[in-house]
Every structure is written in C-alpha cells, then in structure tokens.
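Participant:
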Amino acid sequence: MKKGVIIFWSILVVTAGARLTFSFYQRRPDIGPCLKSVVSGIGNISQDPELKETGQVLTISVEDMHIDTAGIVSAVGIVSAAKCPNDLNIRAKAKLYPRFVYGDKVNFSGKLTAPFDFRGDDGRSFDYRGYLAKDDVYYEIKSANVTTVSTSSKGISISSILFSIKRGFVANLGRVLGEPYAALASGLAVGDKTSLGPQLLQDFRNVGLIHIVVLSGFSMAIIVDALRRSLSFLPRVASIIVGMVTIILFAISVGAGVTVVRACSMASLALFADLSRRDYNVVRALIFVGLIMLIQNPLILLHDPAFDITFAATSGLILLGPSIRKRLGWIPEKFDLRGAVAATLATQIFVSPLTVYMMGQFSLIGVFANILVLPFIPLTMLAIFLTGVTGFLPTIFMAPILAIISRVFGWGAHLLLAYELFIVQNCARVPFASLHVPQFSGWFVVAFYAIFVGVYWYRRTGSS
1490 MKKGVIIFWS
1500 ILVVTAGARL
1510 TFSFYQRRPD
1520 IGPCLKSVVS
1530 GIGNISQDPE
1540 LKETGQVLTI
1550 SVEDMHIDTA
1560 GIVSAVGIVS
1570 AAKCPNDLNI
1580 RAKAKLYPRF
1590 VYGDKVNFSG
1600 KLTAPFDFRG
1610 DDGRSFDYRG
1620 YLAKDDVYYE
1630 IKSANVTTVS
1640 TSSKGISISS
1650 ILFSIKRGFV
1660 ANLGRVLGEP
1670 YAALASGLAV
1680 GDKTSLGPQL
1690 LQDFRNVGLI
1700 HIVVLSGFSM
1710 AIIVDALRRS
1720 LSFLPRVASI
1730 IVGMVTIILF
1740 AISVGAGVTV
1750 VRACSMASLA
1760 LFADLSRRDY
1770 NVVRALIFVG
1780 LIMLIQNPLI
1790 LLHDPAFDIT
1800 FAATSGLILL
1810 GPSIRKRLGW
1820 IPEKFDLRGA
1830 VAATLATQIF
1840 VSPLTVYMMG
1850 QFSLIGVFAN
1860 ILVLPFIPLT
1870 MLAIFLTGVT
1880 GFLPTIFMAP
1890 ILAIISRVFG
1900 WGAHLLLAYE
1910 LFIVQNCARV
1920 PFASLHVPQF
1930 SGWFVVAFYA
1940 IFVGVYWYRR
1950 TGSS
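Using this note's numbering, you'd call the opening residue of the sequence shown number 1490 and step up by one each time.
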C-alpha cells in the first residue's frame, strides 16, 4: 500500500477516534430554573414533523424562551427575569391538528423536562437521552401547546420544497391506498414515520421484516438501481451527474437519516468512481463512509441503533453474501431467488447479534418470511412510486379526471402491499415465530464481530 494511502486512512481513523473520545465528555447544557418549569417561547420547526397516531412530534429551534411566571421569588423578592437559554433545540409533542411543517415559526408552551431512558420488563434499557442528544436535543415538552406565528419563516429553500413534495406524495398515497397500506407504502418509498400501529409493528419485528417499514438500505439499493436504469438514455457523464444530484436531493427530502446517508454516500462514491474511471471497492467505500459519518457526528455510534444495524447488514451482505450464494446451487436463479436467499441469510447472520442484544428477540421464521416478501419489494416500490407521482396530475393539469390514473396504479400497489401484510400477519401468528432472549452483556456482541473479522482476515490473507 502506498505511503500516501496509509497516511490518508490513518488521519481518518485518528480523527474519528478523537471525535468519539471527546463525545464522552459532552454534557447537557444547563438551563437552570427553567428545567421542570412551565415555559413559553417562540422558535422555528427545524425538522420535518414526525406524525404519530396520537399527535405530532416537533423539533423546535428556540429563538426566545422564558418561564411563564414573572420571575423567581425568594426571601428577598424577585431575583430573576426568568429568561431561559435561547440556543437550544427542544422536542415537543403537540396535538395532531393543526398540522405544522418544516420552517414554520411557532409559539409554544408547556412543562420543560429532561428526557429519561426507557426500561423494559426484561431489564433492557433504551438510551433515549443519548438518542436525542445525537441530534443536539436535550430537553422536551411532552404535552405542548403550539400555534403558528408565520409559515415558511425560513423562506423558500431546497429543504422546504423537497419536504413539501414528499408530503404531497404521501398524501396521494393516503387518498388512494387507505390505511394500513398507505403507511407501509410511505415507509417503503420515502421513509415516512407515519405509525402502523403497535400491534402491526410488533408483527413486523416478530417475523424479521421491520427493515421494510422504514427506508432501509435494501430499499435504498432498489431506488438507486432504478435511478441508474432510468437515466441510461443520457450520455454517460450526464447520467452520472444527474444521478448524484438526484440522490442528494432524495436524501434531503426523506430527512437524511443515518441509513439513507450511508446508502446514498456509497452510491455517490460508486458514481464518482464511474465518472473518474476508477475501480470501486465496496469494502473501502463502507469503511470510508462510516468514518466520515463518525467524524461528523460521533454520537451515532453508541446512541443510534440504525447506524449500527445498517452497517452490520451491509457488512454481512458484502462479506458473507458471495460465499453463501456459492453454496446455494440447489436454489434456482429464476427471479433472482438464489440471490434473495443468500442476501437474507447473510444479513440475518450479521445483524442478529445486534438486534437480539438491543430488542431481546430472535425471529425463528425471519428467513422464510424474508424469502416470501423481498422478491416482490422492487415491483411494490415501482407501483407505489407511480401511484404517488401520478397523484399530482389532477393538480398540475387542473383536470380531476386524471385521478383515475393514480387509482389504476394504486390497485396494483394495494394488491402487492396486501400480500406482504398477509405474509407478515400470518407468519407472526405461527407458534414460536420469535424467541425471547434474556438480557446479556454487550461484550458478547463485540466478541462475535471481532472473531468474525479475525477469521475473515486470516482466510483472506492466507488464501493470497
């Protein structure tokens, strides 16, 4: 390996390690008497709101905030103007209506508290405080009164336009498909956080298909592949540049979660390698993207399960997928069935230690359910895309009759989504579909991956 390459990778590793080390000393900002007090303030909605069955979850960038009382009274009288720090992001849960959007300037009020970690019956805890801290959110209002001061206070921006298009797309799906099909379609296509309901979500977990409810790496791979095929009519350089720009815009529109950032970054690197006519090494690309993401935000390593799971799944697909596929010669190649089985087994093997440690569940029927569902996901996503996009036609051309086009595609999407929900719900009802695993030390997970990497490296260097 060349000296320059060694220096480059060394700088990345050391920088990521330093950022991770310093993140352990990061402390929650002190807000003094404002904590556990009823506060009022004004701020901007800085992220696309998360819609749930019981309300909206808003991230508000505070401009001004104060305690509702006139001041803090002590033995010597009023000693404070009851002002609160303004350079804060708070998480506020509001009623489902009226709806708020990214960029709205709002008034808010409610009791300001620090989040606390959740603990399950089996002793497992979820580091909710760390999960919010990774997004620079340290305080929340669980029941907030929120009113709009002005809309689009940040002016017209790329983010606001993209979020608006996404909301319209999701609304089109809701009008045509109905629930719970629209919720599943939104999760598959754009990673919308609309709730499927606790029981159905648990069914997806039990059968090992929870990754299709959100915009997973698998879904992103389908989107990127479809994008490249659709741009094949353009000249080579133009198709690559348009593809890279489209990937970036799509990542912004769906909220740029860690799974999306990882998948889009690797796809962009592959396109850049194609543009510069360089060899694309997927293992190096995965490590590079992971280090860059840690340098940008080191808290995601320990506080965002999606980051760990997406990298484990991708690593399994890269490192285990080809060797497993070679051993599945008895499975036909038709409809890429062998590839689907190999990919499912590879990702399940590599992700299971993490998911079992985090959630305490091991799906015994997961491989079977994935094999029945995953081959239909690309066609499902195409039908969803056509349903959502053609839903804009009546507005664009001022012709309500064109709504029939969206409904025609919606019938196909509904049929496919109904099949997938049927598989999930019936597989979840199979006795012992999932196995509960008692809590265990996270060092066993570390040991599993360390042993695997050691064996893989030994076999690779030994064979060469």
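Where is the CB? At the ideal position from N, CA and C, for every residue including glycine.
Can you give me the Cβ contacts of T1439 inside the same chain, cut-off strictly under 8 Å, excluding the 5 residues immediately before and after it?
Facilitator: Because the chain in this structure spans residues 1490 to 1953, residue 1439 falls outside the shown range and cannot be described.
Participant: Flag Q1691 as yes if its beta-carbon sits less than 9 Å from any beta-carbon of chain E, otherwise no.
Facilitator: No chain E appears in this structure, which consists of one protein chain only.
Participant: Contact check, G1899 vs T1876 under 8 Å by CB: the rounded distance?
Facilitator: The residue you call residue 1899 lines up with position 410 of the sequence shown. The residue you call residue 1876 lines up with position 387 of the sequence shown. The pair is a contact, with the Cβ atoms about 5 Å apart (cut-off 8 Å).
Participant: Who does D1553 pair with in a DSSP beta bridge?
Facilitator: Counting from 1 along the sequence shown, the entry for residue 1553 is found at position 64. DSSP lists I1531 as partners of D1553.
Participant: Hey, how far is the Cα of A1835 from the Cα of L1806?
Facilitator: On the sequence shown, position 346 is the one that residue 1835 refers to. On the sequence shown, position 317 is the one that residue 1806 refers to. When rounded, the distance between both Cα atoms is 5 Å.
Participant: Could you tell me if M1870 is buried or exposed, where buried requires 16 or more neighbouring beta carbons within 10 angstroms of its beta carbon?
Facilitator: Along the sequence shown, one-based indexing puts residue 1870 at 381. It is buried - the Cβ of M1870 has at least 16 other Cβ atoms within 10 Å.
Participant: State the Cα-Cα distance for the pair E1542 and L1677, rounded to the nearest angstrom.
Facilitator: Numbered from 1 along the sequence shown, position 53 holds the residue referred to as residue 1542. Numbered from 1 along the sequence shown, position 188 holds the residue referred to as residue 1677. Straight across, the Cα-Cα distance linking E1542 with L1677 is about 19 Å.
Participant: Please state whether DSSP places Q1850 in a helix, a strand or coil.
Facilitator: Residue 1850 sits at position 361 when you count from the first residue of the sequence shown. In the structure shown, Q1850 falls within a strand segment according to DSSP collapsed to helix, strand and coil.
Participant: Classify T1438 as buried or exposed, calling it buried when 16 or more other Cβ atoms lie within 10 Å of its own Cβ.
Facilitator: Nothing about residue 1438 can be reported from this structure: the residues present for the chain run from 1490 to 1953 only.
Participant: In the structure shown, what three-state DSSP assignment does I1630 receive?
Facilitator: Position 141 of the sequence shown holds residue 1630. The three-state secondary structure of I1630, taken from DSSP, is strand.
Participant: Have a look at L1666 and G1506 and give me their C-alpha separation to the nearest angstrom.
Facilitator: For the purposes of this step, residue 1666 is taken as residue 177 along the sequence shown, with counting starting at 1. For the purposes of this step, residue 1506 is taken as residue 17 along the sequence shown, with counting starting at 1. The alpha-carbon atoms of L1666 and G1506 are separated by roughly 47 Å.
Participant: Pick from F1796, S1757, V1772, D1825: whose alpha carbon is nearest that of L1809?
Facilitator: In the sequence shown, the residue the question calls residue 1809 occupies position 320. Looking at the Cα atoms, V1772 is the closest of the given residues.
Participant: Taking the Cβ atom as the reference point for each residue, do A1774 and L1758 lie within a distance shorter than 9 Å?
Facilitator: Position 285 of the sequence shown, counted from the start, is the residue given in the question as residue 1774. Position 269 of the sequence shown, counted from the start, is the residue given in the question as residue 1758. Yes, Cβ-Cβ distance for A1774 and L1758 is below 9 Å.
Participant: Mapping the DSSP letters down to three states, classify L1790 as helix, strand or coil.
Facilitator: For this step, residue 1790 is matched to residue 301 along the sequence shown. Three-state result, L1790: helix.
Participant: Could you tell me the distance, in whole angstroms, from the CA atom of R1437 to the CA atom of R1918?
Facilitator: Outside the displayed span of the chain (1490 to 1953) sits residue 1437, for which this structure offers no information.
Participant: Since N1695 is in the alpha helix (DSSP H), which residue starts that stretch and which ends it?
Facilitator: The residue given as residue 1695 occupies position 206 in the sequence shown. 1687-1695 is the extent of the alpha helix (DSSP H) around N1695.
Participant: Tell me whether the beta-carbon of V1862 lies closer than 9 Å to the beta-carbon of V1944.
Facilitator: The residue you call residue 1862 lines up with position 373 of the sequence shown. The residue you call residue 1944 lines up with position 455 of the sequence shown. No; because the gap between Cβ atoms is not below 9 Å, this pair is not in contact.
Participant: Measure the Cβ-Cβ separation of Y1620 and A1801 and say whether it is below 9 Å.
Facilitator: For the purposes of this step, residue 1620 is taken as the residue at position 131 of the sequence shown. For the purposes of this step, residue 1801 is taken as the residue at position 312 of the sequence shown. No; because the gap between Cβ atoms is not below 9 Å, this pair is not in contact.
Participant: Could you name the residues of the same chain whose beta carbon sits closer than 6 Å to that of A1564, not counting the 5 residues immediately before and after it, in chain order?
Facilitator: Numbered from its first residue, the sequence shown carries residue 1564 at position 75. Only weak support is given to the placement of A1564: the predicted model assigns it a pLDDT of 42, under 50, and the question is left unresolved by the model.
Participant: Are the beta-carbon atoms of V1743 and V1679 separated by less than 9 Å?
Facilitator: The residue given as residue 1743 occupies position 254 in the sequence shown. The residue given as residue 1679 occupies position 190 in the sequence shown. It is a contact, given that the beta carbons lie within the stated cut-off.
Participant: Here's the rule I'm using: 16 or more other beta-carbon atoms within 10 Å means buried, otherwise exposed. How should A1872 be labelled?
Facilitator: Here the question's residue 1872 lines up with position 383 in the sequence shown. So A1872 counts as buried.
Participant: F1597 and G1544 look like a contact to me (Cβ under 8 Å); what is the Cβ gap, rounded to whole Å?
Facilitator: Your numbering for residue 1597 matches position 108 in the sequence shown. Your numbering for residue 1544 matches position 55 in the sequence shown. No, F1597 and G1544 are not in contact; Cβ-Cβ is about 13 Å, not under 8 Å.
Participant: Expressed to the nearest angstrom, what Euclidean distance is found between the alpha-carbon atoms of D1537 and L1910?
Facilitator: For this step, residue 1537 is matched to residue 48 along the sequence shown. For this step, residue 1910 is matched to residue 421 along the sequence shown. Cα-Cα distance, rounded: 27 Å.
Participant: Under 8 Å by Cβ, that's how I've got L1738 and S1728 pegged, so tell me the actual separation to the nearest angstrom.
Facilitator: For the purposes of this step, residue 1738 is taken as residue 249 along the sequence shown, with counting starting at 1. For the purposes of this step, residue 1728 is taken as residue 239 along the sequence shown, with counting starting at 1. The pair is not a contact, with the Cβ atoms about 16 Å apart (cut-off 8 Å).
Participant: With DSSP run on the structure shown, which of helix, strand or coil describes E1909?
Facilitator: Here the question's residue 1909 lines up with position 420 in the sequence shown. Three-state result, E1909: helix.
Participant: Tell me the rounded alpha-carbon separation between L1764 and R1664.
Facilitator: If you number the sequence shown from 1, residue 1764 lands on position 275. If you number the sequence shown from 1, residue 1664 lands on position 175. In a straight line, the C-alpha of L1764 is about 41 Å away from that of R1664.
Participant: Count the other CB atoms, across all protein chains shown, that sit within 10 Å of the CB of N1634; report buried if there are 16 or more and exposed otherwise.
Facilitator: Position 145 of the sequence shown holds residue 1634. Exposed, because fewer than 16 other Cβ atoms sit within 10 Å of the Cβ of N1634.
Participant: Which word fits A1559, buried or exposed, when buried means at least 16 other C-beta atoms lie within 10 angstroms of its C-beta?
Facilitator: Looking up residue 1559 in the sequence shown gives position 70. For A1559, the predicted model reports a pLDDT of 49, less than 50, meaning its position is unreliable and no value from the coordinates is stated.
Participant: What is the rounded straight-line gap between the Cα of P1927 and the Cα of I1712?
Facilitator: As a position in the sequence shown, residue 1927 is number 438, starting the count at 1. As a position in the sequence shown, residue 1712 is number 223, starting the count at 1. Roughly 37 Å between the two C-alpha positions.
Participant: If distances are taken between C-alpha atoms only, which option among D1624, L1760, M1847, P1811 comes closest to A1746?
Facilitator: Stepping through the sequence shown from its first residue, residue 1746 is reached at position 257. A small correction: the amino acid at residue 1746 is Gly; Ala does not occupy that position in the sequence shown. When each option's Cα is compared against that of G1746, the closest is D1624.
Participant: Where does L1575 fall in DSSP's three states?
Facilitator: Locating residue 1575 in the sequence shown gives position 86, where the first residue counts as 1. Looking at the sequence itself, residue 1575 is Asn, so the reference to Leu does not match. Three-state result, N1575: coil.
Participant: Are the CB atoms of L1509 and L1790 within a distance shorter than 9 Å?
Facilitator: To locate residue 1790, count along the sequence shown from 1; it is residue 301. To locate residue 1509, count along the sequence shown from 1; it is residue 20. In this structure, L1509 lies closer than 9 Å to L1790 by Cβ.
Participant: Can you name, in chain order, every residue of its own chain whose Cβ lies under 7 Å from the Cβ of F1839, other than the five neighbours on each side?
Facilitator: Position 350 of the sequence shown, counted from the first residue, corresponds to residue 1839. Around F1839: A1801, A1802, S1804, G1805, L1809.
Participant: Among all the DSSP beta bridges, which residues are the ones paired with S1598?
Facilitator: Taking the first residue of the sequence shown as 1, we reach residue 1598 at position 109. Its beta-bridge partners are S1529, N1634.
Participant: Straight-line CA distance for V1562 to Q1785?
Facilitator: Position 73 of the sequence shown, counting from 1, holds the residue named residue 1562. Position 296 of the sequence shown, counting from 1, holds the residue named residue 1785. Residue placement at V1562 is flagged as unreliable, the pLDDT there being 46, under the threshold of 50; the coordinate-derived value follows with that caveat. Near 43 Å, if we compare the C-alpha coordinates of Q1785 and V1562.
Participant: Could you spell out where the beta strand (DSSP E) holding S1653 opens and where it closes?
Facilitator: By 1-based counting over the sequence shown, the position of residue 1653 is 164. Segment 1647-1666 is the alpha helix (DSSP H) holding S1653; no beta strand (DSSP E) there.
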